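Chains as they are written, first to last, in our numbering: chain C, 10 to 122; chain R, 100 to 215.
#1: Name the residues in the segment 72 to 83 of chain C whose C-beta lies less than 7 Å from a C-beta of chain R; which are they?
#2: Nearest by alpha-carbon distance to residue 145 (chain R): which of R:195, R:104, R:212 and R:185 is it?
#3: Tell me which residue opens and which closes the beta strand (DSSP E) that residue 14 (chain C) is part of.
#4: Taking all protein chains shown into account, do 16 or more other C-beta atoms lie within 10 angstroms of the C-beta of residue 137 (chain C), making it buried, or fewer, making it exposed?
#5: Would you tell me roughly how many angstroms separate the C-alpha atoms of residue 31 (chain C) and residue 46 (chain C), rounded to the nearest one?
#6: For the beta strand (DSSP E) containing residue 126 (chain R), name the first residue and the last one.
#7: For a contact meaning CB atoms closer than 7 Å, what does residue 111 (chain C) contact in chain R?
#8: Can you check which of these residues, R:182, R:188 and R:196, is closest to residue 117 (chain R) by C-alpha distance?
#9: Scan the segment 51 to 67 of chain C for residues whose Cβ lies nearer than 9 Å to a Cβ of chain R and list them as they occur along the chain.
#10: Grouping DSSP H, G and I as helix and E and B as strand, with all else coil, what is residue 122 (chain C)?
#11: Would you say residue 202 (chain R) faces chain C, with C-beta separation under 9 Å as the test?
#12: Please name the residue, chosen from C:119, C:60 and C:51, that lies closest to residue 94 (chain C) on a Cα-to-Cα basis.
#13: Check this for me: beta carbons of residue 196 (chain C) and residue 69 (chain C), under 9 Å apart or not?
#14: Is the CB of residue 99 (chain C) under 9 Å away from at least one CB in chain R?
#15: Verify the CB distance criterion: does residue 207 (chain R) have a CB-CB separation below 9 Å to chain C?
#16: Does the segment 145 to 154 of chain R come within contact of the segment 107 to 114 of chain C, defined as at least 3 CB pairs closer than 8 Å?
#17: In chain order, what residues of the same chain have a beta carbon less than 6 Å from the beta carbon of residue 83 (chain C), not counting five sequence neighbours either side?
#18: Would you kindly work out how many angstroms separate the C-alpha atoms of residue 177 (chain R) and residue 161 (chain R), rounded to a whole number?
#19: Would residue 195 (chain R) be called buried (16 or more neighbouring beta carbons within 10 Å of its own) or exposed?
#20: Checking 9 Å against the spacing of the C-beta atoms, do residue 193 (chain R) and residue 132 (chain R) come in under that value?
#21: Given a limit of 7 Å on CB to CB distance, which residues of the segment 187 to 198 of chain R reach chain C?
#22: For a contact defined as C-beta to C-beta under 8 Å, what are the partners of residue 149 (chain R) on chain C?
Written out as structure tokens, the structure is:
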């Protein structure tokens, strides 16, 4: 059974804190993605990685960075969290060339106070 | 301009009936892909169906079919013989593959409720 896991289901952080969201997949997928989901806005792509140490900016990369040191792990970093980064964060993975068939994790609901 | 537009925030359908969820898209690329995801109340996104821009036939996956009308830039999802388990949020999405890299766009979603 395919699996994408995210380190936390719920997270509460203070403004200005550095926040790490971790995502791990066990399917040996080349592609990994980070999205945020907000009511009325759907999902928006933050960053995409197609290989270890390789990344591409998505639609809304400002305020975020990513790290992919190992194939199975993709981290999203909020360098200095702000209240407008309160959101549901979804990680996904897919096989190389199969961009559309993404397997999603359960999500992390981040609240920045 | 919105890349993906889903104009139906909520839809109701009787069990065993068919339902069409609308999706229009905006791109100037020649090569792109369109796909649909389902998000039940449990929250996990589930891939349903994919259509490439060069595919001449409409994609089908079991009870799901994608009504692709390229000239109208629409990619509607048709669910036949609705079941109670189909009640969920449905997202239309598009992938553009450009020289600057890939981009993925999701619509705002349509909430489908299947009535017994």
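Yeah, the Cβ is synthetic: ideal placement off N, Cα and C, and Gly gets one too. Owing to the predicted nature of the structure, the values given are computational and were not obtained by experimental measurement.
Answer, in terms of the structure:
#1: If the cut-off is 7 Å between Cβ atoms, the segment 72 to 83 of chain C has nothing near chain R.
#2: Here residue 145 (chain R) is taken as the residue at index 46 of the second chain, counted from 1. When each option's Cα is compared against that of residue 145 (chain R), the closest is R:185.
#3: Reading the first chain from its first residue, position 5 is the one you call residue 14 (chain C). Per DSSP, the unbroken beta strand (DSSP E) holding residue 14 (chain C) starts and ends at 13 to 15.
#4: Outside the modelled stretch of chain C, which goes from 10 to 122, sits residue 137 (chain C), for which no answer is possible.
#5: Start at 1 with the first residue of the first chain, and residue 31 (chain C) comes out as number 22. Start at 1 with the first residue of the first chain, and residue 46 (chain C) comes out as number 37. One C-alpha to the other measures close to 17 Å.
#6: Position 27 of the second chain holds residue 126 (chain R). Here residue 126 (chain R) belongs to no beta strand (DSSP E), and DSSP marks it neither H nor E.
#7: For the purposes of this step, residue 111 (chain C) is taken as residue 102 along the first chain, with counting starting at 1. Within chain R, the C-beta atoms nearer than 7 Å to that of residue 111 (chain C) come from 146, in chain order.
#8: Here residue 117 (chain R) is taken as the residue at index 18 of the second chain, counted from 1. Looking only at R:182, R:188 and R:196, the smallest Cα-Cα distance to residue 117 (chain R) is reached by R:182.
#9: So the list reads 51, 52, 53, 54, 57, 59, 65, 66 and 67, given in the order they occur along the chain.
#10: Mapped onto the first chain, residue 122 (chain C) falls at position 113. Reduced to three states, the DSSP call for residue 122 (chain C) is coil.
#11: Taking the first residue of the second chain as 1, we reach residue 202 (chain R) at position 103. Yes, its Cβ sits closer than 9 Å to a Cβ of chain C.
#12: Your numbering for residue 94 (chain C) matches position 85 in the first chain. By alpha-carbon distance to residue 94 (chain C), the top candidate from C:119, C:60 and C:51 is C:119.
#13: Nothing can be reported for residue 196 (chain C), as the shown portion of chain C is limited to 10 through 122.
#14: Within the first chain, the letter at position 90 stands for residue 99 (chain C). Yes, residue 99 (chain C) counts as interfacial toward chain R.
#15: Mapped onto the second chain, residue 207 (chain R) falls at position 108. Output row for residue 207 (chain R): interface = yes.
#16: These segments touch.
#17: Position 74 of the first chain, counted from the start, is the residue given in the question as residue 83 (chain C). So the list reads 32, 41, 58 and 77, once near-sequence residues are dropped.
#18: Here residue 177 (chain R) corresponds to residue number 78 of the second chain, with the count starting at 1. Here residue 161 (chain R) corresponds to residue number 62 of the second chain, with the count starting at 1. Residue 177 (chain R) and residue 161 (chain R): Cα-Cα distance of roughly 11 Å.
#19: Counted from its first residue, the second chain places residue 195 (chain R) at position 96. Flag for residue 195 (chain R) reads buried.
#20: Taking the first residue of the second chain as position 1, residue 193 (chain R) is located at position 94. Taking the first residue of the second chain as position 1, residue 132 (chain R) is located at position 33. Contact: yes.
#21: The residues in question are 190 and 194.
#22: Locating residue 149 (chain R) in the second chain gives position 50, counting from the first residue. By Cβ distance, chain C contributes 109 and 110.
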